[in-house]
Amino acid sequence: MGFGKKNQLVGVDIGSFAIKIVEIEQTKKGRSLKNFGRIGLPRNAIREGDIVEQKVVVKALRTLFKNLKISNRNVSVALSGYPVMAKRITLPDSGRAQIEATIQDQAEQYIPFDINDVNLDFDILEGEKTLSEDEDANEGKSLEVMLVAAKKDVINAYVDLLAAADLSPGVLDVDVFALQNAAELSNADEEDGYAIVNVGAEELGINTVVNGTSLFSRDSSFGGTQVTDLIMSHFDVDFERAEEIKLGEGKEEAWGQKLETGVSGVISDWTQEIKRALDFVETTYPDKTIGIIFVCGGSCRVRGFQEYLASQTDLPVVELNPFSTLSSNKNLFDEEYLKQMAPQACVAVGLALRSIDDK
Ligand SMILES: Nc1ncnc2c1ncn2[C@@H]1O[C@H](COP(=O)(O)OP(=O)(O)OP(=O)(O)O)[C@@H](O)[C@H]1O
Ligand SMILES: [Mg+2]
């Protein structure tokens with residue numbers, strides 16, 4: 047999905063909890079981190095991928111660009127949640143021209159929206175390319191195609207938002223694919239497939255990738271805000287205070303058995319959701335193997351989650367650090383800060399890499 051690609055793009059991840067920005071520079075010595083920053087958003091300014099309070103988000107974007115002194119206005123952003131759907135489908139290999147002509151009709155059965163309300167894009171997946179322009183030669187063959195559908199009104203809302211912040215959209219991506227991009231950096235040698243699980247504040251995104259292509263991806267309405275809500279009602283505090291307690295800044299507050307049980311329930315729900323996706327992949331693609339789970343998003347650090355996920359799936363669970371493969375100037379970036387922020391920065395790094403990959 048694109049608006050025409052520009053060379054250097056700033057990766058802008060507009061999350062419901064915080065906007066994250068990453069700039070990457072391609073130097074002779076490799077990729078280097080040029081800029082990273084984040085700014086929090088008030089609750090409900092963005093809800094399930096919808097921009098609810100445009101003015102608030104525009105102000106945050108302007109502030110962040112100003113504070114980080116970023117002059118490049120060309121950005122890549124991503125959609126996530128219900129307004130966007132990516133699905134791997136199998137089509138008869140009728141040649142590219144024919145697929146282009148009929149994709150609209152073919153897609154209708156797979157997408158949960160009115161076909162007239164979405165922008166469609168498709169990609170013939172690498173490694174499965176049997177495509178020929180000669181229809182007869184393709185008789186009986188099939189193609190694996192990644193179908194992406196995004197709601198037009200939500201795309202327009204993002205375009206308007208960026209325009210209002212004096213930014214220009216170079217690439218419009220999808221969260222789960224930006225993550226795949228970031229994961230590829232740190233997992234280039236892995237032969238088995240992997241899953242990437244992004245637990246943000248309000249969304250839990252899953253992508254499963256084998257041989258560089260996505261088999262199945264999905265976003266669900268789970269996230270760290272569920273834990274914040276439990277803390278709010280347990281201690282009778284507001285959202286901000288509950289966030290502080292969650293991050294351990296209220297160490298004096300003992301969580302107590304009731305709250306611990308509540309949080310365990312949330313972690314268990316996340317794990318069930320992830321297991322459902324892994325089971326689906328195992329059943330649908332019996333010849334493909336997922337060997338490791340990468341986790342990211344701020345809420346992958348909710349106490350006990352990673353251990354529980356590993357115990358329930360029998361797979362290694364590893365936190366993704368998208369900064370680990372980028373060099374960075376120690377005088378500009380505090381190493382501890384980058385380590386702390388690494389899981390939250392994955393989508394933004396994936397987005398910033400877009401321009402470099404697509405050159
Ligand atoms: N160390 C930590 N332990 C537990 N939770 C954390 C930690 N650090 C951050 N979080 C939580 O992570 C969430 C923010 O993560 P992230 O920036 O990935 O979300 P987002 O991208 O804004 O949200 P979404 O993608 O769901 O719209 C918040 O709920 C925050 O409380
Ligand atoms: Mg996010």
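Using my numbering, read the sequence shown as starting at 47 and increasing by one per residue. Glycine included, every Cβ here is placed at the ideal spot set by N, Cα and C.
Cβ neighbour criterion (16 or more within 10 Å) applied to residue i
{"i": "residue 254", "result": "buried"}
{"i": "residue 147", "result": "exposed"}
{"i": "residue 150", "result": "exposed"}
{"i": "residue 286", "result": "exposed"}
{"i": "residue 376", "result": "exposed"}
{"i": "residue 155", "result": "exposed"}
{"i": "residue 383", "result": "exposed"}
{"i": "residue 282", "result": "exposed"}
{"i": "residue 74", "result": "exposed"}
{"i": "residue 62", "result": "buried"}
{"i": "residue 345", "result": "buried"}
{"i": "residue 40", "result": "The displayed coordinates of the chain run from 47 to 405. Any statement about residue 40 would go beyond what the structure contains."}
{"i": "residue 314", "result": "exposed"}
{"i": "residue 353", "result": "exposed"}
{"i": "residue 386", "result": "exposed"}
{"i": "residue 390", "result": "buried"}
{"i": "residue 48", "result": "Legend: pLDDT at residue 48 = 43, less than 50; position of this residue unreliable, value from coordinates given subsequently. It counts as exposed."}
{"i": "residue 293", "result": "exposed"}
{"i": "residue 229", "result": "buried"}
{"i": "residue 129", "result": "buried"}
{"i": "residue 258", "result": "exposed"}
{"i": "residue 57", "result": "buried"}
{"i": "residue 250", "result": "buried"}
Cβ separation of residue i and residue j, assumed to be a contact under 8 Å, to the nearest whole Å
{"i": "residue 139", "j": "residue 189", "result": "5 Å"}
{"i": "residue 169", "j": "residue 124", "result": "Not really, about 16 Å apart at Cβ, beyond 8 Å."}
{"i": "residue 248", "j": "residue 216", "result": "Actually they do not touch by this definition, with Cβ atoms about 26 Å apart."}
{"i": "residue 355", "j": "residue 336", "result": "Wrong, their Cβ atoms sit about 13 Å apart, outside the cutoff."}
{"i": "residue 320", "j": "residue 252", "result": "6 Å"}
{"i": "residue 370", "j": "residue 232", "result": "6 Å"}
{"i": "residue 305", "j": "residue 276", "result": "6 Å"}
{"i": "residue 116", "j": "residue 69", "result": "6 Å"}
{"i": "residue 133", "j": "residue 171", "result": "Incorrect: roughly 12 Å between the Cβ atoms, too far for contact."}
{"i": "residue 157", "j": "residue 191", "result": "About 13 Å; that fails the 8 Å criterion."}
{"i": "residue 316", "j": "residue 245", "result": "6 Å"}
Cβ-Cβ distance between residue i and residue j below 7 Å
{"i": "residue 312", "j": "residue 272", "result": "yes"}
{"i": "residue 207", "j": "residue 97", "result": "yes"}
{"i": "residue 274", "j": "residue 288", "result": "yes"}
{"i": "residue 195", "j": "residue 278", "result": "no"}
{"i": "residue 397", "j": "residue 224", "result": "yes"}
{"i": "residue 79", "j": "residue 401", "result": "no"}
{"i": "residue 227", "j": "residue 399", "result": "yes"}
{"i": "residue 334", "j": "residue 256", "result": "yes"}
{"i": "residue 95", "j": "residue 127", "result": "yes"}
{"i": "residue 166", "j": "residue 153", "result": "yes"}
{"i": "residue 91", "j": "residue 104", "result": "no"}
{"i": "residue 160", "j": "residue 198", "result": "no"}
{"i": "residue 106", "j": "residue 65", "result": "yes"}
{"i": "residue 368", "j": "residue 392", "result": "yes"}
As assigned by DSSP and simplified to three states, the class of residue i
{"i": "residue 326", "result": "helix"}
{"i": "residue 173", "result": "Its pLDDT being 44, under 50, residue 173 is placed unreliably by the model, and the measurement read from it follows with that caveat. Coil, per DSSP."}
{"i": "residue 262", "result": "strand"}
{"i": "residue 138", "result": "strand"}
{"i": "residue 125", "result": "strand"}
{"i": "residue 331", "result": "coil"}
{"i": "residue 80", "result": "strand"}
{"i": "residue 340", "result": "strand"}
{"i": "residue 8", "result": "This structure does not reach residue 8, given that the chain is present from 47 up to 405, and the question cannot be answered."}
{"i": "residue 237", "result": "coil"}
{"i": "residue 348", "result": "coil"}
{"i": "residue 195", "result": "strand"}
{"i": "residue 294", "result": "coil"}
{"i": "residue 74", "result": "coil"}
{"i": "residue 61", "result": "coil"}
{"i": "residue 289", "result": "helix"}
Distance cut-off 6 Å: residue i Cβ against heavy atoms of ligand 3
{"i": "residue 226", "result": "This structure lacks ligand 3; its bound ligands are ligand 1 and ligand 2."}
| Segment contact flag, the stretch 79-93 with the stretch 108-120, C-beta cutoff 8 Å, min 3 pairs | yes
Practice problem: Mind the definition here: the stretch 338-346 touches the stretch 257-265 only if three or more C-beta pairs lie below 8 Å; say whether that holds. | Solution: no
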